[in-house]
């Protein structure tokens, strides 16, 4: 893979041992703020969707003013399109173009009214009920559940029996469709509101004394706007299709011009038998194009709700990450750090189990983010390698790249990740296909995820979750063998096997953490990546987990990449430490050397921030630089 060229604003590479000159980078594109941030970003599908919808809307709004009377009868019927009648005539000589213009306007009115009414009703019942809770929520939920089981078609048939055909306009159909079409959306909004009302910022608003209506409109509603917009678009599409279907069956707006009634009269006029495509084709095409346009807009709205759906833009070399020579310093102060060569020592000893060379990971967004920059590390067999750094420095991104868990817009732009199997073979992880990667994961390299104690499925027992791993990777094992293995790994992490049939909520945080470590050990992997496995645990439980990791490493011989921002913990736990900052490994050395002779200013700053347990209040255990200046490469 070719080396990528620098991103805009990246500093030029300096010569080894010298500080790289820092150029003034152009300001990054300004982020959209306020309501503009809730609008879809421009894309070809959004442009096509808007063009289709706006074109049809303009035709429906202005067309009836430019064409003749749709009910005017001419002497000649069933004429093909001509200069006089652009879309031909019907069986009774009516102008199809005039009918189409008025029909588009009628269908748009039905869709707009149904979309507004259904969205407002779903918001009222879903959001207010979800936030209020109690009897209000139960009553609204009961009503929405009842409305869900009332089918719209029988209701329209009943209404058609009571309302004379000459009095049954498009508004009647729209009202029925709106009343029967809001309940499903209300349930979705209720579920989202139940989640949002427990967020910290909503609790803070309640504590601050804000009224309920203000909390709903200011704190909750803006977070639901993309979902409401998507539901509105879906309601419009569904209403136009439903009206067309009902009218085609003779149950629609008999005294109004809609695309559905146009198809109904085309059917009754034997347009198919006479092959009068100009009569039934245009209304069907209008429905298809309008539905396609709204669907494309809806896809763009979905990208706001879930940004992971956004496809990365095609970028050239100018957007690729810059190659970083390992010996080159990072920023102005990095000249004091020596080349990171500690990783090569394990390779020279011939006991390497994982080798990462020149790994670059870029998030391909509008303003590309170079999250991992030319990282090279080597993990020795049976070694604990600590990965330290502040939040956002790229530790987890590096772990996900090694395990091929990153998803767009993240991509590995260059570099290599090679696993050295204990049987002597080498596996290029970046070259594995999906099936090979599935077999490799957990069998040879497993991972304990960040916030691991919350990674267990709350509705499935511990045994089922452990057993699922064995069923996937070792389907030949009997049920008794699988249970015995599950009990064995629980004993290894010192959890009573009797807990195997428990559910996650029945275990303490420390026990859930141990269960996740046991799950990672099920297939006897050679490498375990632990991403802050002691987060949210108290100090005593943390100490117990760390002791278990060291003991298990000594007993089973697996290697560990231990990720944390707690450098003192790594000094005690790790054999070697890689210190990361802004996506780069700025120092890489044995733990004792990191503690006694740190070479990089950032490492010295981390070590210098430890409060003293024996000195005066406010004193630190070591002197040195208390801060890094901005021109030393600190993130802005």
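Residue numbers (our numbering): 118 to 753.
All residues carry an ideal CB built from backbone N, CA and C; glycine is no exception.
Just to check my reading of the structure: residue 401 and residue 380 have Cβ atoms closer than 8 Å, yes? What is that Cβ distance to the nearest angstrom? 7 Å
Excluding the 5 residues flanking residue 247 on each side, which residues of the same chain have their C-beta closer than 6 Å to its C-beta? 307, 310 and 311
Starting from residue 671, trace the beta strand (DSSP E) in both directions and tell me its first and last residue. First-last for residue 671: 656-673, but that is the alpha helix (DSSP H), not the beta strand (DSSP E).
What's the call for residue 477, buried or exposed, on a 16-neighbour Cβ count within 10 Å? buried
Coarse secondary structure for residue 387, derived from DSSP in three states: coil
Inter-residue Cα distance where the pair is residue 225 and residue 418: 21 Å
Give every residue of the same chain whose Cβ lies closer than 7 Å to the Cβ of residue 642, excluding the five residues on either side of it in the sequence, and list them in chain order. 559, 560, 561, 562, 563 and 675
Just to confirm the assignment, what range does the beta strand (DSSP E) spanning residue 696 have? 693-698
In whole angstroms, what is the alpha-carbon distance linking residue 209 and residue 228? 29 Å
Assuming residue 610 and residue 665 are in contact, meaning their beta carbons sit under 8 Å apart, how far apart are those beta carbons, in whole angstroms? 6 Å
Neighbour-count burial assignment, residue 505, 16 or more Cβ in a 10 Å radius: buried
Taking the beta carbon of residue 274 as the centre, do at least 16 other beta carbons fall within 10 Å, making it buried, or is it exposed? exposed
Going by DSSP, which residues form a beta bridge with residue 638? Bridge partners of residue 638: none, in fact.
Identify which residue in 474, 720, 710 and 271 has its Cα closest to the Cα of residue 530. 474
How many angstroms separate the CA atom of residue 236 from the CA atom of residue 305? 12 Å
Uninterrupted alpha helix (DSSP H) stretches inside the stretch 206-244 (no shorter than 4 residues): 213-240
Do residue 291 and residue 231 have their C-beta atoms closer together than 8 Å? yes
Could you spell out where the alpha helix (DSSP H) holding residue 162 opens and where it closes? 161-183
Could you name the residues that DSSP lists as bridge partners for residue 533? 474
Would you call residue 252 buried or exposed, if buried means 16 or more other Cβ atoms sit within 10 Å of its Cβ? exposed
Complete runs of the alpha helix (DSSP H) confined to the stretch 251-324 [at least 4 residues]: 251-265, 269-279, 287-298, 300-313 and 317-324
Need the endpoints of the beta strand (DSSP E) that residue 707 sits in, please. 701-707
Assumed close pair residue 514, residue 551 - CB separation to whole angstroms, cut-off 8 Å: Between residue 551 and residue 514 the Cβ distance is about 21 Å, and since that is not below 8 Å, they are no contact.
On the DSSP bridge list, what partners appear for residue 678? 502 and 646
Using DSSP's beta-bridge definition, name the partner residues of residue 248. Residue 248 is not bridged to any residue.
Using 10 angstroms around the beta-carbon of residue 622, count the other beta-carbons present and answer buried if the total reaches 16, otherwise exposed. exposed
Residues of its chain near residue 180, where Cβ-Cβ distance is below 6 Å and the 5 sequence neighbours each way are ignored: 218
Pull up the DSSP beta-bridge partners for residue 480, would you. 486 and 527
Is it buried or exposed for residue 211, if we count other Cβ within 10 angstroms and need 16 for buried? buried
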